Amino acid sequence: MVSIFADTTSSIPVEEVKAMGIEYFPQIIIFGDESFRDDYELDSSTFLKKLVASPTLPKTAAPPPSLYNPIFEKHLSSGDSIIVLTPPIKVSGTFRSAEVAAQEFPNADIKVIDTLAIGASLASIVKVANKYAQEGLSSEEIINKVEDLKTRERNLFVVDTLEYLHKGGRIGGAKMLFGSLLQVKPLLSLKNGQVEPVDSQRTSKKALARLKELVVSECKEKGFSMFSIQHGAAEKEAKSLAEDFKQLLGIDTIEIYELPPAFLTHSGPGVLGVSYFVN
């Protein structure tokens with residue numbers, strides 16, 4: 013059997029992960045001398061209050077190899093193969109941490125995969141991989157399907173401010189494009205593990221209208237699956253956006269994910285986005 017490992021950057025609620033039998037590891041959030049396990053000891057609401065009040069940006073750290081080792085050993089002793097699905101190596105140390113842990117078991121079938129995804133996109137990949145594992149597909153077959161999903165994944169975010177991305181040094185090409193225009197409402201996308209600019213508008217209303225225009229155009233042209241909404245302290249707006257897309261794209265159900273603290277550290281509050289996979 014293949015066991016799927018993931019971490020809290022995938023936004024899946026802990027209770028849901030446990031029900032699916034996925035091994036789930038917390039990112040570590042560090043405020044000064046205090047450290048918290050993402051989603052286990054610090055929920056998004058409490059985190060955002062601390063983030064806004066903090067004079068400095070908190071740090072995030074990947075789950076250490078020591079967290080992986082005993083869980084690897086447990087599954088390997090049962091004869092399982094293991095697939096670890098991580099957020100982008102460019103924005104998180106999770107891939108490296110899991111790789112270091114896997115080196116302790118040189119003869120075991122442990123594969124660590126950089127999904128290039130985070131939040132709802134990573135959640136979709138994790139859930140699909142786990143479904144295939146439950147159906148009895150081999151590790152190689154599941155990895156091939158994950159690699160295919162990586163090429164078809166799309167995401168788009170409206171960020172209320174670039175302040176946190178700028179402070180954290182995670183903004184990539186967006187810094188060059190927007191420069192000091194930190195008051196615009198940017199549309200950003202995570203591509204190949206790097207935050208990239210897509211567009212910018214002067215108001216949130218116009219930015220969301222542009223987001224819907226871009227997403228609907230591509231979805232209608234190419235077809236899509238696994239459409240979801242994600243947000244940070246913007247539940248009302250997320251529900252409204254989901255209703256809009258139900259009408260625009262004829263979708264019956266859209267999952268809504270609350271982004272984890274490890275993501276919100278770099279986006280700040282008020283972020284609103286979509287995730288989907290083109291056909």
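For the record, in the sequence shown the residue sitting at position 249 is 261 according to the working numbering, with numbers rising by one throughout.
For every residue, glycine included, the Cβ atom is placed at its ideal position computed from N, Cα and C.
Predicted model, so just to flag it, every value in this text is computed and none were measured.
Same chain, Cβ closer than 7 Å to residue i, neighbours up to 5 away in sequence not counted
i	result
M188	With a pLDDT of only 43 at M188, under the threshold of 50, the placement of this residue in the model should not be trusted; the figure read from the coordinates follows. Cβ within range, chain order: n/a, list empty.
K275	According to the sequence shown, residue 275 is Phe rather than Lys. So the qualifying residues of the chain are T21, I130, G131.
G191	Reliability of the predicted coordinates at G191 is poor, the pLDDT of 49 falling under 50, and no value is obtained from them.
F59	I41, P273, L276
Cβ neighbour criterion (16 or more within 10 Å) applied to residue i
i	result
N293	Outside the displayed span of the chain (13 to 291) sits residue 293, for which this structure offers no information.
Y52	exposed
V64	exposed
A221	exposed
Q115	exposed
P67	exposed
First through last residue of the alpha helix (DSSP H) which encompasses residue i
i	result
N160	One detail in the question is off: residue 160 reads as Asp in this sequence, not Asn. Unbroken alpha helix (DSSP H) run through D160: 151-164.
S56	56-65
D264	Here D264 belongs to no alpha helix (DSSP H), and DSSP marks it neither H nor E.
Y52	Unbroken run through Y52: none, as it is neither H nor E.
I83	77-89
E208	Element bounds for E208: not the alpha helix (DSSP H) but the beta strand (DSSP E), 206-213.
Spatial neighbours of residue i in its chain, beta-carbon cut-off 8 Å, leaving aside the 5 residues before and after
i	result
S279	F169, V171, Y176, L177, G244, L271
K162	T127, L128, A129, I137
I155	I95, K123, I125
L261	V228, C231, K232, F236, F239
I101	F107, R108, D126, G205
CA-to-CA distance, residue j to residue i, given in whole angstroms
i	j	result
M32	V138	10 Å
K123	I94	6 Å
E208	S89	43 Å
F239	S78	35 Å
V210	L200	5 Å
E153	D160	11 Å
Q259	V228	11 Å
V286	Y269	10 Å
K217	L202	22 Å
V14	T215	47 Å
A145	I16	8 Å
F289	N167	9 Å
E85	D256	46 Å
K248	F117	46 Å
P82	A219	46 Å
S23	S104	15 Å
Limits of the beta strand (DSSP E) - the one that residue i falls within
i	result
P198	197-203
R49	46-49
L97	93-98
Y288	284-290
V14	14-19
I137	Segment 132-146 is the alpha helix (DSSP H) holding I137; no beta strand (DSSP E) there.
S22	It is not in any beta strand (DSSP E) - S22 carries neither H nor E in the DSSP assignment.
When the options are compared against residue i, the one with the closest alpha-carbon
i	options	result
T98	L134, D92, Y288, A254	L134
S237	E267, K102, A250	E267
S136	E46, P25, A250, K251	P25
A250	G282, S47, Y36, R214	G282
L284	A73, S252, E111	S252
E46	N167, A73, A18, E111	A73
D92	E35, R108, P100	E35
I29	N81, K61, A113, A141	First, the amino acid is wrong: residue 29 is Val here, not Ile. Per the Cα distances, A141.
P76	D19, D55, D121, L174	D19
S150	A246, D121, S23, A113	D121
A246	S57, N119, F48, P38	S57
Residues near residue i by beta carbon distance below 6 Å, same chain, minus five either side
i	result
V196	S212
N291	K234, G235
F37	D19, P75, L79
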